[in-house]
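Structure first, commentary second.
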Amino acid sequence: MKLTVFGIGYVGLVQAAVLAEVGHDVLCVDVDANKVERLNQGYIPIYEPGLENLVKENHAAGRIRFTTDAVAGVKHGEIQMIAVGTPPGEDGSADLKYVLAVAETIGREMEGPKIVVGKSTVPVGTCEKIKIRIAETLKARGREDLAFDVASNPEFLKEGSAVADCMKPDRIIVGTGSPKTEAVMRELYAPFNRNHQKMIVMDVRSAEFTKYAANCMLATKISFMNEMANLAEELGADIEEVRKGIGSDPRIGYHFIYPGLGYGGSCFPKDVRALIKTAEGVKFDARLLRAVEERNNEQKSVLFQKVERRFKGDLKGRTFALWGLAFKPNTDDMREAPSRPLMEALWKAGAKVQAYDPEAMQECQTIYGLRDDLMLCGTKEAALRRRVADRDRMEEFWRAVLRRDEGSLDRAAHLRRPQSLRPEGRRQARLRVSQHRQATGPGLGCVDKCRVRSEPVFICNFAEIDGVDLKPRWPASKAWLLQ
Ligand SMILES: NC(=O)c1ccc[n+]([C@@H]2O[C@H](COP(=O)([O-])OP(=O)(O)OC[C@H]3O[C@@H](n4cnc5c(N)ncnc54)[C@H](O)[C@@H]3O)[C@@H](O)[C@H]2O)c1
1 MKLTVFGIGY VGLVQAAVLA EVGHDVLCVD VDANKVERLN QGYIPIYEPG LENLVKENHA
61 AGRIRFTTDA VAGVKHGEIQ MIAVGTPPGE DGSADLKYVL AVAETIGREM EGPKIVVGKS
121 TVPVGTCEKI KIRIAETLKA RGREDLAFDV ASNPEFLKEG SAVADCMKPD RIIVGTGSPK
181 TEAVMRELYA PFNRNHQKMI VMDVRSAEFT KYAANCMLAT KISFMNEMAN LAEELGADIE
241 EVRKGIGSDP RIGYHFIYPG LGYGGSCFPK DVRALIKTAE GVKFDARLLR AVEERNNEQK
301 SVLFQKVERR FKGDLKGRTF ALWGLAFKPN TDDMREAPSR PLMEALWKAG AKVQAYDPEA
361 MQECQTIYGL RDDLMLCGTK EAALRRRVAD RDRMEEFWRA VLRRDEGSLD RAAHLRRPQS
421 LRPEGRRQAR LRVSQHRQAT GPGLGCVDKC RVRSEPVFIC NFAEIDGVDL KPRWPASKAW
481 LLQ
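1 is the number of the first residue of the sequence shown in this note's numbering; add one for each residue after it.
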């Protein structure tokens with residue numbers, strides 16, 4: 001089938017590549033000329049496991065192409081898929097300007113029947129708005145004779161496993177009231193339904209709402225667990241044991257009950273906020289969702305508060321090692337990542353950060369640029385090593401050596417060699433890493449490619465070095481301390 005995808009972001013690019021892989025003829029349109037040019041040269045702008053090969057192979061086979069030419073895009077596909085961003089507006093509601101801009105382009109350029117598919121996460125009623133925008137544009141052209149329909153087809157992929165999720169979706173939600181549109185969508189997704197029927201067809205508004213309800217449910221699980229973790233710490237209970245205890249109940253399950261530093265990324269925070277706003281629009285007080293968001297916002301400062309308490313507020317000149325920058329493993333996405341408020345708070349307090357992440361270093365550099373208090377390290381071990389930045393303390397050490405000043409020597413002794421993880425620390429880290437292997441959403445990512453089955457893993461992570469213990473009962477809050 002001929003398909004046009006507007007927006008080559010995480011969703012658009014992955015879905016386009018997967019649909020090309022099963023044989024569809026896909027033309028991708030984006031307003032970002034630089035991104036399009038680089039894609040045409042074989043450079044993949046985002047990191048997702050398996051994506052690079054998928055795009056390159058299908059590009060070479062001519063099944064996926066990239067352009068900025070929206071006119072060609074509208075001409076190409078009988079299906080016009082909208083996968084552009086829906087960032088939060090100033091009041092937290094979803095900003096639909098990109099979605100409606102595409103709708104207008106379709107209305108302006110279409111010359112034959114089209115099925116417009118809303119793939120972006122959009123508030124209930126947006127497909128209706130897309131319909132109105134296209135109809136108005138056609139009317140202005142005097143082309144009301146042109147037939148079109150608008151369906152909702154929200155995306156449920158997870159960053160970090162986006163290709164696998166799209167190749168083997170748990171479900172394909174399609175919102176439409178039209179049997180003809182339903183038949184076209186069934187044909188589009190037929191290759192994914194061979195084993196058993198994954199497609200669930202419902203009305204448009206319910207499909208739009210399903211996406212928000214799913215993300216809000218997951219965000220609620222995370223905030224609930226974070227609340228339990230904080231409370232467990234006060235009560236002297238070990239949340240890790242509690243997690244195992246409750247996860248074993250099949251009604252609760254093990255997924256999404258890892259405590260951490262709060263959910264981040266481009267979806268949960270904005271979607272929870274957007275649904276709160278949508279609810280306000282119909283004078284409904286989404287009390288639970290407001291609490292979920294509040295808990296999440298507070299959670300992002302928990303680790304900094306622990307660090308600050310441990311050092312009695314004296315963070316100036318200290319260096320902290322940070323493993324994990326992305327909002328979760330296997331991605332370079334740092335949108336609303338908990339690492340950001342943490343680093344920013346450390347910097348504000350005069351501390352320095354040495355960070356490592358296998359995928360997100362470039363993204364981190366793009367966001368923060370070059371700064372004296374941020375050093376991005378090539379390996380996770382390097383992030384733990386003493387640096388030139390510690391020159392003052394080294395000088396203090398050497399001066400003490402020269403003076404044979406035992407007291408100062410003792411104080412500065414740990415600076416003599418690059419500090420490394422103590423064996424028991426390593427063992428514990430490994431244990432925690434494996435416990436957190438499937439962690440989702442929350443926290444800082446410690447992605448360790450070397451030790452745990454060569455599989456990148458994720459852990460909320462700060463650990464401790466050189467005998468300085470933050471005494472965390474909360475497993476996600478160990479800190480490796482450099483000085
Ligand atoms: N990222 C995820 O994990 C995920 C998962 C499910 C659903 N979603 C939803 O899918 C949508 C897209 O998310 P994303 O993360 O892929 O966004 P993104 O920001 O990574 O990509 C959006 C792309 O749209 C392009 N764009 C903007 N206006 C355009 C226009 N008029 N024509 C063509 N291209 C245009 C941008 O240049 C950008 O490349 C959002 O609504 C998001 O909530 C995202």
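For each residue, glycine too, the CB sits at the ideal point set by N, CA and C.
Using CA coordinates, which residue listed in the options is at the minimum distance from residue i?
| i | options | result |
| --- | --- | --- |
| residue 216 | 352, 153, 200, 263 | 263 |
| residue 128 | 144, 304, 100, 94 | 100 |
| residue 200 | 11, 54, 220, 176 | 176 |
| residue 312 | 349, 182, 31 | 349 |
| residue 491 | 179, 305, 158 | Nothing about residue 491 can be reported from this structure: the residues present for the chain run from 1 to 483 only. |
| residue 29 | 7, 35, 46, 40 | 7 |
| residue 112 | 120, 74, 42 | 74 |
| residue 64 | 84, 82, 36 | 36 |
| residue 70 | 27, 368, 118 | 27 |
| residue 153 | 232, 147, 79, 231 | 79 |
| residue 259 | 242, 182, 336, 269 | 242 |
| residue 104 | 39, 131, 182, 42 | 131 |
| residue 347 | 357, 143, 308 | 308 |
| residue 156 | 142, 279, 174, 41 | 174 |
| residue 340 | 331, 332, 330, 326 | 326 |
| residue 186 | 380, 372, 19, 10 | 19 |
| residue 72 | 285, 97, 109, 11 | 109 |
| residue 9 | 98, 202, 235, 292 | 98 |
| residue 40 | 233, 178, 379, 13 | 13 |
| residue 314 | 345, 237, 181 | 345 |
| residue 17 | 4, 58, 43 | 58 |
| residue 323 | 133, 378, 234 | 378 |
| residue 147 | 368, 167, 43, 178 | 178 |
| residue 300 | 336, 44, 251 | 336 |
| residue 552 | 38, 15, 11, 236 | Outside the displayed range of the chain (1 to 483) lies residue 552, so it cannot be described from this structure. |
| residue 45 | 253, 371, 23, 332 | 332 |
| residue 89 | 368, 310, 276 | 276 |
| residue 21 | 236, 381, 188, 368 | 188 |
| residue 289 | 23, 380, 214 | 214 |
With a Cβ-Cβ cutoff of 8 Å, do residue i and residue j count as a contact?
| i | j | result |
| --- | --- | --- |
| residue 2 | residue 25 | yes |
| residue 198 | residue 239 | no |
| residue 247 | residue 328 | no |
| residue 145 | residue 115 | no |
| residue 151 | residue 204 | yes |
| residue 361 | residue 374 | no |
| residue 221 | residue 268 | no |
| residue 83 | residue 120 | yes |
| residue 261 | residue 338 | yes |
| residue 31 | residue 68 | yes |
| residue 184 | residue 278 | no |
| residue 34 | residue 160 | no |
| residue 342 | residue 303 | yes |
| residue 212 | residue 271 | yes |
| residue 219 | residue 292 | yes |
| residue 126 | residue 77 | no |
| residue 365 | residue 166 | no |
Since residue i contacts residue j with CB under 8 Å, what's their CB separation in whole angstroms?
| i | j | result |
| --- | --- | --- |
| residue 295 | residue 206 | Not quite, the Cβ-Cβ distance comes to about 28 Å (not below 8 Å), so this is no contact. |
| residue 54 | residue 163 | 6 Å |
| residue 118 | residue 138 | Residue 118 to residue 138, Cβ: 18 Å. No contact. |
| residue 334 | residue 298 | Residue 334 to residue 298, Cβ: 20 Å. No contact. |
DSSP beta-bridge partners for residue i?
| i | result |
| --- | --- |
| residue 27 | 4, 65 |
| residue 80 | 4, 116 |
| residue 249 | Its beta-bridge partners do not exist; DSSP assigns none. |
| residue 175 | 152, 202 |
| residue 88 | 94 |
| residue 375 | 354 |
For chain B, find out if any of its Cβ atoms is closer than 8 Å to the Cβ of residue i; answer yes or no.
| i | result |
| --- | --- |
| residue 368 | Looking for chain B here will not work: only one protein chain is present. |
So does the stretch 190-200 actually touch the stretch 227-234, counting three or more Cβ pairs closer than 8 Å?
No, the stretch 190-200 is not in contact with the stretch 227-234.
How about the stretch 347-354 and the stretch 317-330: do they share at least three Cβ pairs that are nearer than 8 Å?
Taking 8 Å as the limit for Cβ pairs, the verdict is that the stretch 317-330 does touch the stretch 347-354.
With three or more C-beta pairs closer than 8 Å as the rule, is the stretch 43-57 touching the stretch 82-96?
Too few Cβ pairs lie closer than 8 Å, so no.
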